[in-house]
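Novice:
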Amino acid sequence: MSILVQNLRRTFGSFQALRGINLEIQSHQLVALLGPSGSGKTTFLRILGGLDFPDPGHGKILIQNEDVTEQPAADRKTGFVFQHYALFNHLTVFENVAFGLNVRPKHIRPNSNSIRDRVVELLQLVQLDGLDQRLPSELSGGQRQRVALARALAIDPRVLLLDEPFGALDAKVRKDLRRWLRSFHKEIGVTTVFVTHDQQEALELADTVVIMNQGQIEQVGPPQEIYDHPATPFVYEFLGDVNKLRKPGRPDLFYVRPHEIQILFASDSSADFSARIEHLFAAGPSARLTLRMPNTRETVDADITRQQLDEMGLSEGDEVGLKLATASPKAPAPAVTPSR
Ligand code: ADP
Ligand code: MG
5 MSILVQNLRR
15 TFGSFQALRG
25 INLEIQSHQL
35 VALLGPSGSG
45 KTTFLRILGG
55 LDFPDPGHGK
65 ILIQNEDVTE
75 QPAADRKTGF
85 VFQHYALFNH
95 LTVFENVAFG
105 LNVRPKHIRP
115 NSNSIRDRVV
125 ELLQLVQLDG
135 LDQRLPSELS
145 GGQRQRVALA
155 RALAIDPRVL
165 LLDEPFGALD
175 AKVRKDLRRW
185 LRSFHKEIGV
195 TTVFVTHDQQ
205 EALELADTVV
215 IMNQGQIEQV
225 GPPQEIYDHP
235 ATPFVYEFLG
245 DVNKLRKPGR
255 PDLFYVRPHE
265 IQILFASDSS
275 ADFSARIEHL
285 FAAGPSARLT
295 LRMPNTRETV
305 DADITRQQLD
315 EMGLSEGDEV
325 GLKLATASPK
335 APAPAVTPSR
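Heads up: the sequence shown begins at 5 in my numbering, then just goes up one per residue.
1. Any idea what DSSP makes of residue 225, helix, strand or coil?
2. Can you look up residue 366 in the DSSP assignment and give me helix, strand or coil?
3. Given that a residue counts as buried once 16 or more other Cβ atoms are within 10 Å of its Cβ, and exposed if not, what is residue 334?
4. Would you list the one or two residues that DSSP bridges to residue 217?
5. Count the other CB atoms within 10 Å of the CB of residue 17; is the residue buried (16 or more) or exposed (fewer)?
6. In the DSSP assignment, what residue or residues form a beta bridge with residue 266?
7. Give the range of the alpha helix (DSSP H) segment to which residue 151 is assigned.
8. Please look up how many angstroms separate the CB atoms of residue 305 and residue 237, rounded, as I've assumed it's under 8 Å.
9. Using only the alpha-carbon positions, how far apart do residue 257 and residue 36 sit?
10. Kindly provide the chain-ordered list of residues whose Cβ lies closer than 5 Å to any non-hydrogen atom of the ligand PLP.
11. On the DSSP letters alone, give me the boundaries of the beta strand (DSSP E) that residue 310 sits inside.
12. Based on the DSSP output, what are the partners of residue 70 in its beta bridges?
13. Say whether the segment 163-183 touches the segment 134-142, bearing in mind that this needs 3 or more beta-carbon pairs closer than 8 Å, one atom from each stretch.
14. Give me the residue from 14, 70, 266, 240 with the minimum Cα distance to residue 59.
15. Going by DSSP in three states, residue 104 sits in which element: helix, strand or coil?
16. Please classify residue 108 as buried or exposed, where buried requires at least 16 other C-beta atoms within 10 Å of its C-beta.
17. For residue 15, write down the residues that DSSP places opposite it in a beta bridge.
18. Using 8 Å as the Cβ pair cut-off and three pairs as the minimum, do the segment 29-43 and the segment 201-219 touch?
19. Ignoring anything shorter than 4 residues, give me the alpha helix (DSSP H) runs that lie fully in the segment 168-200, in order along the chain.
20. Please go through the same chain and pick out, in chain order, the residues whose beta-carbon is closer than 7 Å to the beta-carbon of residue 2, but skip the five residues on each side of it.
21. Does the separation of the CB atoms of residue 105 and residue 114 fall below 8 Å?
22. Hey, is residue 199 close to the ligand MG, as in C-beta under 7 Å from one of its heavy atoms?
23. Taking 7 Å as the cut-off, does the CB of residue 167 come closer than this to any heavy atom belonging to the ligand MG?
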């Protein structure tokens, strides 16, 4: 189902948590809402799901062209998964997943055989077959989040909303679940919006990344495009792994990523800067150099291949030349705050 959001505002007291959100989400997409803590991600997700509402007269939400702005959650058919497993601890896995169907009014409730079939099917989908009689306390964190997902899917939601679904899990499990969610989404194809503050997670997982900052959207696009062409200094810095460089004798500040810096011999006259290798770390096929700029005393990180490192015979303390990659599709962005 496609989602269209227009001019959405949400104010708490005098604080504007959402300051004019406009967004279009295509059917079947996996969309990441990415932003720092407090940027309004959860508020936005809750409003998408009908758990909260825009300021009166300020914002419209359409799901598949239907205006749902004032529709409560129960009528909106959205599935929710939150960071902290909201499973019922006294109910078995089976009962948890069946919950949304069991509480339906009698005239629209499936019969118990259909419910059973649906739950079995969902547990297979989230790869928990055979665990239906366990209690949540008898599952791992990752398994519990998959139960929460199965439960959200039981009602056949038009849209799936996930708020930091892996946030409480440790790094390894998180990574596995991330991959799992990717292929899972491919399989079921339901339009999914998930909130994360983890750049890597958003870039790896989503078809479209929406970058939020202070209640506004900074940029929307496919992960590659967001990474390669950050629209604002905020996006550059938030995605991480970026150097701020000052050209000698000029006031401009440039953003450049470590792989966009070429390392030349100090004697090479085509270099833009000279620098000294302060630290060198080589693992696998690439090497990271931390370089100290003599003029500004700033340090920058550069990534080069292991092969280049060996061929140039570089080591800590060496003087080298730096060149900003001209092969890069974009010029380094001056670090000026854009006007809105
Ligand atoms: P995020 O999920 O990106 O961390 P939130 O949407 O939870 O951000 O919150 C955005 C801002 O709105 C925060 O400053 C938060 O304190 C504020 N906020 C959220 N919900 C409420 C509320 N019910 N009452 C008052 N302020 C709120
Ligand atoms: Mg949040």
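Every residue, glycine too, gets a C-beta built ideally from N, C-alpha and C. Nothing here was measured: the structure is a model prediction, and the numbers come from that model.
Specialist: Walking through what the data contain:
1. Looking up residue 225 in the sequence shown gives position 221. Residue 225: strand per DSSP, three-state reduction.
2. In the structure as shown, the chain starts at 5 and stops at 344, and residue 366 therefore has no counterpart that could be examined.
3. Position 330 of the sequence shown, counting from 1, holds the residue named residue 334. Reliability fails at residue 334, whose pLDDT of 46 lies under 50, so the model's placement of it is uncertain and the value that follows must be treated cautiously. Exposed: under 16 other Cβ atoms inside 10 Å.
4. For the purposes of this step, residue 217 is identified with residue 213 of the sequence shown, where counting begins at 1. In the DSSP output, where bridge partners are listed per residue, residue 217 has 220.
5. For the purposes of this step, residue 17 is taken as residue 13 along the sequence shown, with counting starting at 1. Its Cβ having fewer than 16 others within 10 Å, residue 17 is exposed.
6. In the sequence shown, counting from the first residue as 1, residue 266 sits at position 262. Beta-bridge pairing links residue 266 to 327.
7. As a first step, residue 151 must be located in the sequence shown, where it is residue number 147. For residue 151, the enclosing alpha helix (DSSP H) begins and ends at 145-158.
8. The residue labelled residue 305 in the question sits at position 301 within the sequence shown. The residue labelled residue 237 in the question sits at position 233 within the sequence shown. Actually they are not in contact, since the Cβ atoms of residue 305 and residue 237 sit about 18 Å apart, beyond 8 Å.
9. Here residue 257 is taken as the residue at index 253 of the sequence shown, counted from 1. Here residue 36 is taken as the residue at index 32 of the sequence shown, counted from 1. Answer to the nearest angstrom: the Cα atoms are 30 Å apart.
10. The model depicted lacks the ligand PLP and carries the ligand ADP and the ligand MG instead.
11. Position 306 of the sequence shown, counted from the first residue, corresponds to residue 310. Membership of residue 310 in any beta strand (DSSP E) is not indicated; the residue belongs instead to the alpha helix (DSSP H) covering 310-316.
12. As a first step, residue 70 must be located in the sequence shown, where it is residue number 66. Answer is 67.
13. Judged by Cβ distances under 8 Å, the segment 163-183 makes no contact with the segment 134-142, as fewer than three pairs qualify.
14. Translated into the one-based positions of the sequence shown, residue 59 becomes position 55. Ranking 14, 70, 266, 240 by Cα distance to residue 59 puts 14 first.
15. The sequence position of residue 104 within the sequence shown is 100, counting from 1. Look at residue 104 here: in three-state DSSP terms it is helix.
16. Residue 108 sits at position 104 when you count from the first residue of the sequence shown. Per the 10 Å Cβ criterion, exposed.
17. Stepping through the sequence shown from its first residue, residue 15 is reached at position 11. According to the DSSP secondary-structure assignment, residue 15 is paired through a beta bridge with 20.
18. Enough Cβ pairs lie closer than 8 Å, so yes.
19. Note on the segment 168-200: whole alpha helix (DSSP H) runs with a minimum of 4 residues are 175-192, in chain order.
20. Limits of the chain in this structure are 5 at one end and 344 at the other, which puts residue 2 out of reach.
21. Here residue 105 refers to the residue found at position 101 of the sequence shown. Here residue 114 refers to the residue found at position 110 of the sequence shown. Yes, they are a contact pair.
22. Position 195 of the sequence shown, counted from the first residue, corresponds to residue 199. The closest heavy atom of the ligand MG lies less than 7 Å from the beta carbon of residue 199.
23. To locate residue 167, count along the sequence shown from 1; it is residue 163. The answer is yes for residue 167.
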